Amino acid sequence: MKKTIVATAVLGSFTLTAHAQSSVTLYGLIDAGISYVSNARAGTGHDSLVKYDDGVASGSRWGLRGNEDLGGGLKALFVLENGFNSGNGTLGQGGALFGRQAYVGLSKDTIGSLTFGRQYSFSTDYLGGSYSTGSQTAAGNYAYHINDVDQLVSSRINNAVKFNSVNFSGFTFGALYGFSNQAGAFAGAPAAGTTAAPVAGSSRAYSFGVNYANGPFGIGAAYTDIRYPSQAVPTFSTTITNVSTGNVRDLRTFGVGSRYAIGPATLWALYTNTRFETLTGAATTFTAYEAGAKYTFTPALTAGVGYTYMHLSNANTGHWNQADLSVDYALSKRTDVYALGIYQIAAGHNGTQDVQAQIGSSTSFFGPSGPGADSQLAFRVGMRLRF
């Protein structure tokens with residue numbers, strides 16, 4: 001009888017230990033609200049739009065993450081993350097089941113992690129994640145630069161191998177390479193110098209980043225290069241007035257950002273430079289300068305402001321000035337409500353049309369076939385629930 005009790009106790013102890021050494025977590029976030037956008041109708045007229053809008057402060061998602069302790073500080077890990085629209089239940093990221101993230105890998109507690117799959121570039125990880133109005137306040141996707149041309153919010157790289165270092169006294173760094181998966185096209189097809197259109201799926205990318213965060217101060221830099229971005233699957237879309245990735249051979253972006261906390265206040269600044277090269281060799285450069293601040297009045301109440309100047313240069317030029325204001329109130333640790341207002345004014349002439357105002361990547365805007373609107377205003381009230 002004693003032997004049976006001892007054996008049962010040992011088995012139970014082993015089972016508990018094994019369970020403690022591995023875990024799987026279900027998590028998610030739903031962001032929903034109502035937005036007003038001025039100058040939002042393509043075609044004729046400058047009609048406003050009132051709409052249900054999803055994923056503005058944060059993209060709606062659900063996911064699974066897990067790890068297994070392999071011993072000696074080595075772990076196996078995975079993340080599967082789905083993006084969706086709470087308004088109609090459809091999949092995001094071009095309809096991919098796990099379009100936000102999907103990777104598996106190994107981590108060592110004294111070195112870092114090596115992961116394989118669909119993953120964020122360091123422009124998103126370091127710059128967009130730490131030094132932008134979009135990440136620091138509830139302004140979210142409305143505050144990010146026009147259609148995310150500089151890859152701050154949604155630069156997800158397919159077929160990627162990624163190294164992320166551990167924190168060395170505040171210093172972290174990493175590198176990523178995304179394979180084109182096309183025979184004879186290690187660097188993306190077709191070869192440089194030809195105007196032939198590449199085949200679907202031939203996009204390749206690489207990205208590097210370095211970041212230092214210690215106490216109230218942080219500074220980071222990142223570089224990302226995407227070959228044939230329009231050929232990424234799920235689809236990749238970046239459109240500014242008369243600038244589309246449909247005929248872009250190469251998208252190169254780099255930037256540096258910094259932030260500093262002073263008691264309940266946080267200040268940040270960010271610079272990015274993005275260059276598009278077309279199949280014919282023509283180049284367009286998009287530059288963004290951003291500064292912002294937020295103040296925590298109480299543990300539940302935070303307000304943020306931001307200003308961004310964006311400049312497009314090629315044969316012609318365009319200029320955008322944007323101001324952001326947002327207020328966020330936490331009802332609990334998992335649920336918050338927010339309100340935001342954003343105003344953008346555009347100037348300049350690009351190609352055959354005037355430069356148009358275009359807030360972020362979530363608002364409707366005048367397309368190339370419609371009359372240009374040189375200003376746009378957006379208001380929103382929304383809520384987020386995390387689980």
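Taking this note's numbering, the leading residue of the sequence shown gets 1, the next gets one more, and so forth. Glycine included, C-beta positions come from ideal geometry on N, C-alpha and C. Values in this document were obtained by computation on a predicted structure and should not be read as measured data.
Query, Result
"In chain order, what residues of the same chain lie with their CB nearer than 7 Å to the CB of Leu70, ignoring the 5 residues before and after it?", "Ala76"
"Using only alpha-carbon positions, find the residue among Tyr260, Ser130, Ala300, Asn314 that is nearest to Thr285.", "Asn314"
"Please tell me whether Leu156 and Gln119 are closer than 9 Å, where the distance is taken between their beta carbons.", "The displayed chain sequence assigns Arg, not Leu, to residue 156. Contact: yes."
"Identify the continuous alpha helix (DSSP H) that holds Gln151 and give its terminal residues.", "Segment: none, Gln151 is in no alpha helix (DSSP H) and carries neither H nor E."
"Identify every residue that forms a DSSP beta bridge with Ile262.", "Ala265"
"Exposed or buried, what is Ile342 when buried is set at 16 or more other beta-carbons lying within 10 Å of its beta-carbon?", "buried"
"So for Thr133, helix, strand or coil by DSSP?", "helix"
"May I ask which residues mark the beginning and end of the beta strand (DSSP E) holding Tyr142?", "Looking at the DSSP string, Tyr142 is not in any beta strand (DSSP E); the run it does join, the alpha helix (DSSP H), is 140-143."
"What is the DSSP secondary structure of Phe297, reduced to helix, strand or coil?", "coil"
"Considering only their Cβ atoms, is the gap separating Thr137 from Gly417 smaller than 9 Å?", "Because the chain is modelled from 1 through 387, residue 417 falls outside the range shown and cannot be assessed."
"What's the gap between the Cα of Thr245 and the Cα of Val149?", "With a pLDDT of only 47 at Thr245, under 50, the local geometry of the prediction cannot be trusted, and no value is derived from it."
"Evaluate contact between the segment 207-217 and the segment 164-178, counting only Cβ atoms and requiring at least three cross-stretch pairs below 8 Å.", "yes"
"With DSSP as the reference, label Asp125 as helix, strand or coil.", "helix"
"Using the Cα positions of Gln356 and His145, report the straight-line distance between them to the nearest angstrom.", "14 Å"
"So, is Ile359 buried or exposed, given that buried needs 16 or more other C-beta atoms within 10 angstroms?", "buried"
"Measure the Cβ-Cβ separation of Asp374 and Ala347 and say whether it is below 9 Å.", "yes"
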